[in-house]
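> Sharing a structure below in structure tokens format, with a few things to ask.
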Amino acid sequence: MQVKHLLLIAILALTAACSSKEVVDENLSEVELYQQAQHDLDNSNYTSATAKLKALESRYPFGRYADQAQLELIYANYKNTEPEAAKSAAERFIRLHPQHPNVDYAYYLKGLTSFDQDVGLLSRFLPLDMTKRDPGAARDSYNEFAQLTSRFPNSRYSPDAKQRMIYLRNLLAAYEIHVADYYLTRQAYVAAANRGRYVVENFQETPAVGDGLAVMTEAYQRLHLDDLANTSLETLKLNYPNHPSLVDGQFKPSVDEADNRSWMSKATLGLIESRPPLPPGETRANQDVQRQYQEAKDAIPSDLKPKDADGDVIEEEEPEPEASNSDRSWFSYMTFGVFD
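Counting in my numbering, the sequence shown runs without a single skipped number right up to 345 at its last residue.
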């Protein structure tokens, strides 16, 4: 049964590919080609309309319908869900006809193509969160609509483009917050704080600004940067007093502090610690750097070390070592340090 299904799918695919390559009559005049293309557009037969518009443009490049055919080819590709072809046609029209009275339409369709590029079959029927998807097409659409509104502020398409830009700006800001939340869960607090600050600085007047301040507050608290954390928190309380992270005026972190203990420490409820806990602000990476620095310093030949007037090597004073486990009594070992 599986082989039969594969053969059926292959036959249908070949049939669709063959049917999509429509042969346009070579004896059709320019007017007839344009009228047939218009008829196909009116009947939503965009594949056939695309073939006729391409034939019209190639056969009559200097005819009276050539410019209009190029414009309608952008629309036909857009409606036929061929975004790359639509963008290419729009860019070509803008490059060839920068002073055309309808060039603003090409800019608008180019932005609209990027706007709808992420709206696939699944997103039409499933409640997908667009703020969690790749923002590349949304960013392209925003920039293309921005070109339209800046170059043609009085265009009939500018009001709609501005409304779509507001939506896209909110979407891009929300995406940055999702990335910042991911960094918080991965304990990448510096990266999370940078993302939150980026939202606050570049996406003013969007709903995500409050979330950006909350991310900054939480990240700075984890990093023990109290001054920055307090500044972010006060700004959050002043501008967004009803933010979900504020409970009775107190900040509530969205991510619980991670337990970085070893599995042995967790299994023995902390009675057996394989590695001592880190002090506030200290990281394993910082300890590794200090260890590598000490090893490199010890490896320096004595001839290269600084010497005093008598020619003796000047030794740096070592800090007093902390009490080691060898100083613990047998009673401390028996009670796992509970009564120390």
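Glycine included, C-beta positions come from ideal geometry on N, C-alpha and C.
Within 10 angstroms of its Cβ, does Leu243 collect 16 or more other Cβ (buried), or is it exposed?
Exposed is the call here.
> When the Cα atoms are used, what is the spatial distance from Asp145 to Gly116?
When rounded, the distance between both Cα atoms is 7 Å.
> For Lys92 and His248, I'd like the C-alpha separation in whole angstroms.
Near 41 Å, if we compare the C-alpha coordinates of His248 and Lys92.
> Drop a sphere of 10 angstroms on the beta-carbon of Pro140, count the other beta-carbons inside from all chains shown, and report buried for 16 or more, exposed for fewer.
It counts as buried.
> Counting Cβ pairs closer than 8 Å, one from the segment 169-185 and one from the segment 197-217, do we hit at least three?
With the cut-off at 8 Å, the segment 169-185 and the segment 197-217 touch.
> Given Pro66, which residues of its chain have a CB within under 6 Å of its CB, disregarding the five upstream and five downstream residues?
Cβ within range, chain order: n/a, list empty.
> Note down the Cα distance separating Tyr172 from Lys257, rounded to an integer number of angstroms.
Rounded to whole angstroms, Tyr172 to Lys257 spans 29 Å at the Cα level.
> Return the residue from the list Asp121, Gln104, Gln122, Ala301 that minimises the CA-CA distance to Arg156.
Nearest of Asp121, Gln104, Gln122, Ala301 to Arg156, Cα basis: Gln104.
> Would you tell me roughly how many angstroms separate the C-alpha atoms of Glu206 and Asp293, rounded to the nearest one?
Distance between the alpha carbons of Glu206 and Asp293: 35 Å.
> What did DSSP end up calling Lys312 once you bin it into helix, strand or coil?
Reduced to three states, the DSSP call for Lys312 is strand.
> Give the range of the alpha helix (DSSP H) segment to which Leu233 is assigned.
Per DSSP, Leu233 belongs to the alpha helix (DSSP H) from 231-244.
> Please report how far the alpha carbon of Gln152 lies from the alpha carbon of Gln299, in whole angstroms.
So the alpha carbons of these two residues sit roughly 56 Å apart.
> For Thr86, which option in Arg100, Ser49, Ser63, Ala196 has the closest C-alpha, if you only look at C-alpha atoms?
It is Ser49 whose Cα lies nearest to the Cα of Thr86.
> Cβ atoms of Leu228 and Tyr187: under 8 Å apart, would you say?
Cβ distance not < 8 Å, so Tyr187 and Leu228 don't count as in contact.
> Taking C-alpha atoms, which residue in Pro158, Met170, Leu38, Asp121 lies nearest to Asn148?
It is Met170 whose Cα lies nearest to the Cα of Asn148.
> Who are Leu228's beta bridge partners in DSSP?
In DSSP, Leu228 forms no bridge with anything.
> Taking the beta carbon of Val108 as the centre, do at least 16 other beta carbons fall within 10 Å, making it buried, or is it exposed?
Under this definition Val108 is a buried residue.
> Leaving out the 5 sequence neighbours to the left and right, which residues in its chain are closer than 8 Å to Leu126 when beta-carbon positions are compared?
Summary for Leu126: the model assigns pLDDT 44, below 50, so the residue's position carries little reliability, and this model does not support an answer.
> Judging by CA-CA distance, which residue of Ala142, Ser259, Gln41, Asp315 is the nearest neighbour of Arg174?
Answer by Cα proximity: Ala142.
> For Phe150, which of Phe98, Arg161, Gln43, Lys167 has the nearest alpha-carbon?
Closest option to Phe150, Cα to Cα, is Lys167.
> Would you list, in sequence order, the uninterrupted alpha helix (DSSP H) runs of no fewer than 4 residues that lie entirely inside the segment 94-180?
Runs found: 108-120, 126-130, 141-156.
> What do you reckon, are the CB atoms on Tyr39 and Tyr70 nearer than 8 Å?
For Tyr39 and Tyr70, yes; Cβs fall inside 8 Å.
> Distance, Cα to Cα, Leu58 vs Ala42?
Looking at the two C-alpha atoms, the distance is approximately 6 Å.
> Closest to Asn159 by CA distance: which of Tyr51, Ala224, Pro106 is it?
Here the closest residue by C-alpha is Pro106.
> With Gln224 and Leu241 assumed to form a contact (beta carbons below 8 Å), what rounded beta-carbon distance in angstroms separates them?
The residue you asked about is not Gln; residue 224 is Ala in the sequence shown. With a Cβ gap of about 13 Å, Ala224 and Leu241 do not count as contacting.
> Would the beta-carbon of Asn48 be found less than 7 Å away from any heavy atom of the ligand COA?
This structure lacks the ligand COA, and indeed carries no ligand of any kind.
> Measure the C-alpha to C-alpha separation of Ser53 and Ser63 and round it to an integer number of angstroms.
Going from the Cα of Ser53 to the Cα of Ser63 covers about 16 Å.
> Just to confirm, is the Cβ distance from Thr118 to Tyr83 under 8 Å?
Yes, the pair counts as a contact, with Cβ atoms nearer than the cut-off.
> Could you tell me if Glu239 is buried or exposed, where buried requires 16 or more neighbouring beta carbons within 10 angstroms of its beta carbon?
Exposed, since its Cβ has fewer than 16 Cβ neighbours within 10 Å.
> Just curious, the alpha helix (DSSP H) that Gly201 is in, first and last residue?
Per DSSP, Gly201 belongs to the alpha helix (DSSP H) from 194-207.
> Helix, strand or coil: which one does DSSP assign to Leu189?
Helix at Leu189.
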